[in-house]
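All remarks here apply to the structure that follows.
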Amino acid sequence: MQFIHINLLGNTAIRKKQKRIRFSVTILYVTVWIFSIGTLFYVYQTNRFISSVYQKEIRKISAEVDVLNPKLERIRQLYQNKEELTTKTDIYSQKQNRPSVWLTKLIALSSMMPANIRFEEISVETAPAKVKQKEKIRLTGYTVIDSRKTDVNTLNLLKKTLEQSDIFMNDFQRVEILESRIGKKGTIPIMSFVIGIY
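The opening position of the sequence shown corresponds to residue 290 in this note's numbering, with each subsequent residue numbered one higher.
This is the structure in structure tokens:
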């Protein structure tokens, strides 16, 4: 007959050891879990605080912008008005845009006109010319041809008279006959012309 040995104390010691290990693991797990929650809560609170600081700054800047907005709008309007006035002043400050200058020149022109010349159109260019050689004054008209006179050089005489007038030629460089054509106005023989003053 053979005896079976049962070690009751040994099994109890193993169970106790296993219990202690399970307890330690549980404590460790709970500690890690609590630490993780604490860390997440800390990060959340920190982000919330930083966010509140930024929100406060944004509200402050927004309030400042609202206060400054009418002033900035007023400055923009004043700047626009200044630009418009500057443009108008620049145009008027140019000598050729002053009415008194053209009045003087037209009076001088009328005093130099030969009796048989008629102007149909006088056009004046006051804006800066886009084309370099554009005339500043363009005279369009005609002269009556008198068949009893041998000298029909009235047009050249007008050109020469204009060129010799210091009052008229002030601000100008030259006078050119751009076009001349013999024709009739009704039954009267005429020479139509275009004169450019540069």
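All C-beta atoms in this analysis are idealised placements derived from N, C-alpha and C, irrespective of residue type, glycine included.
Worksheet item: Which whole runs of the alpha helix (DSSP H) in the segment 404-473 are 4 residues long or more, in chain order?
Response: 443-453, 455-458
Discussion item. Rounded to whole angstroms, what is the Cα-Cα separation between glycine 475 and threonine 429?
Written reply: Mapped onto the sequence shown, residue 475 falls at position 186. Mapped onto the sequence shown, residue 429 falls at position 140. Distance between the alpha carbons of glycine 475 and threonine 429 is about 18 Å.
Worksheet item: Quick one: is leucine 361 buried, meaning 16 or more other Cβ sit within 10 Å of its Cβ, or exposed?
Response: One-based indexing of the sequence shown puts residue 361 at position 72. So leucine 361 counts as exposed.
Worksheet item: In terms of residues, what are the limits of the beta strand (DSSP E) holding isoleucine 480?
Response: By one-based count along the sequence shown, residue 480 stands at place 191. The identity of residue 480 in the sequence shown is methionine, whereas the question assumes isoleucine. Start and end: 477-486.
Worksheet entry | Presumed contact (8 Å Cβ cut-off) between threonine 233 and threonine 443, rounded CB distance | The shown model of the chain, from 290 to 487, leaves out residue 233, and the question about it has no answer.
Item to complete: Determine the closest residue to lysine 425 out of Lys394, Leu446, Val354, Gln307, with distance taken between C-alpha atoms.
Response: Position 136 of the sequence shown holds residue 425. Per the Cα distances, Lys394.
Discussion item. Classify lysine 473: buried if its beta carbon has 16 or more other beta carbons within 10 angstroms, exposed otherwise.
Written reply: As a working mapping, residue 473 is identified with position 184 in the sequence shown. Exposed, since its Cβ has fewer than 16 Cβ neighbours within 10 Å.
Fill in: Three-state class that DSSP yields for methionine 401 in the structure shown
Along the sequence shown, read from residue 1 onward, the residue named residue 401 stands at position 112. In the structure shown, methionine 401 sits in a helix (DSSP, three-state: H, G or I).
Practice prompt. Inspect the beta-carbon positions of tyrosine 487 and phenylalanine 457 and report whether they are closer than 9 Å.
Written response: Position 198 of the sequence shown, counted from the start, is the residue given in the question as residue 487. Position 168 of the sequence shown, counted from the start, is the residue given in the question as residue 457. No.
Discussion item. Taking the alpha-carbon of glutamate 410 as reference, which of Thr328, Gln307, Ala302, Ser481 has the nearest alpha-carbon?
Written reply: The residue you call residue 410 lines up with position 121 of the sequence shown. When each option's Cα is compared against that of glutamate 410, the closest is Ser481.
Item to complete: Give me the Cβ distance between arginine 427 and valine 483, rounded to the nearest whole Å; I'm assuming they're in contact under 8 Å.
Response: Sequence index remark: in the sequence shown, residue 427 carries index 138 (1-based). Sequence index remark: in the sequence shown, residue 483 carries index 194 (1-based). Contact holds; Cβ gap of about 7 Å.
Worksheet entry | Rounded distance between the beta-carbons of proline 478 and isoleucine 434, thought under 8 Å | Locating residue 434 in the sequence shown gives position 145, counting from the first residue. Locating residue 478 in the sequence shown gives position 189, counting from the first residue. Contact holds; Cβ gap of about 4 Å.
Worksheet item: Does the Cβ-Cβ distance between phenylalanine 408 and methionine 401 come in under 9 Å?
Response: Counted from its first residue, the sequence shown places residue 408 at position 119. Counted from its first residue, the sequence shown places residue 401 at position 112. Taking 9 Å as the Cβ cut-off, phenylalanine 408 and methionine 401 do not qualify as a contacting pair.
Worksheet entry | Cβ-based neighbour list, leucine 373, same chain, cut-off 6 Å, excluding 5 preceding and 5 following | Within the sequence shown, numbered from 1, the residue matching residue 373 stands at position 84. Checking the sequence shown, residue 373 turns out to be glutamate, not leucine. Counting only Cβ-Cβ distances below 6 Å, and skipping sequence neighbours, we find nothing.
Discussion item. Distance check for leucine 329 and valine 314, CA to CA, integer angstroms please.
Written reply: Residue 314 sits at position 25 when you count from the first residue of the sequence shown. Residue 329 sits at position 40 when you count from the first residue of the sequence shown. Roughly 22 Å separates the two Cα atoms.
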